[in-house]
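S.K.: Numbering (this note's numbering), first residue to last: 174 to 305. Positions of the beta carbon are idealized from the N, C-alpha and C atoms, including for glycine. Could you have a look at this structure, given as structure tokens, before my questions?
Shown next as structure tokens:
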């Protein structure tokens, strides 16, 4: 009986492993007319893949940088969607709206529209693993 318990415990531990993946988006110039000078906006998505008893799950976190300084960070929902508030830039509020759409059996395209002072500044596009 002890052997069965040890086997089940070791299977549970092995099933709960995780893997990290980072995906970088190209730098974009902002299109906002409310900022005094052009800025570089870039982003990355970090995904943690977990193997569980019921299969694989993906958790995605998005990081958006203005001139290489982190201004927006947040976790997306299990389907790859999220509204992410951020720190202000030049005393103007910033935020991002992200959504994911499948591009293949195991891949997805994550698009994040970045807003500065409620005006669309740019869209960042990143290839990721499917969250669903």
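Let me check one thing: in DSSP terms, what residues is residue 253 bridge-paired to?
M.R.: Residue 253 sits at position 80 when you count from the first residue of the chain shown. Residue 253 pairs with nothing; no bridge assigned.
S.K.: Spatial neighbours of residue 257 within its chain, please: C-beta separation below 6 Å, excluding the five flanking residues on both sides.
M.R.: Counting from one through the chain shown, the residue named residue 257 turns up at place 84. Correct list, in chain order: 245, 247, 269.
S.K.: Which same chain residues, not among the five before or five after residue 234, have their C-beta less than 6 Å away from its C-beta?
M.R.: As a position in the chain shown, residue 234 is number 61, starting the count at 1. Within the same chain, residue 234 has close Cβ partners 219, 248.
S.K.: How would you label residue 243, buried or exposed, when you count the other beta carbons within 10 angstroms and need 16 or more for buried?
M.R.: For the purposes of this step, residue 243 is identified with residue 70 of the chain shown, where counting begins at 1. Its Cβ having fewer than 16 others within 10 Å, residue 243 is exposed.
S.K.: With distance defined between alpha-carbon atoms, name the residue in 238, 255, 251 nearest to residue 213.
M.R.: Residue mapping note: residue 213 aligns to position 40 of the chain shown, counting from 1. Cα-wise, what sits closest to residue 213 is 238.
S.K.: So what does residue 280 bridge to, in DSSP terms?
M.R.: If you number the chain shown from 1, residue 280 lands on position 107. Bridge partners of residue 280: 302.
S.K.: What residue from 229, 222, 216, 297 has the CA that sits closest to residue 236's CA?
M.R.: Here the question's residue 236 lines up with position 63 in the chain shown. Ranking the options by Cα distance to residue 236, first place goes to 216.
S.K.: Return yes when the Cβ of residue 283 is within less than 9 Å of the Cβ of residue 272, no when it is not.
M.R.: In the chain shown, residue 272 corresponds to position 99, counting from 1. In the chain shown, residue 283 corresponds to position 110, counting from 1. Yes; because the gap between Cβ atoms is below 9 Å, this pair is in contact.
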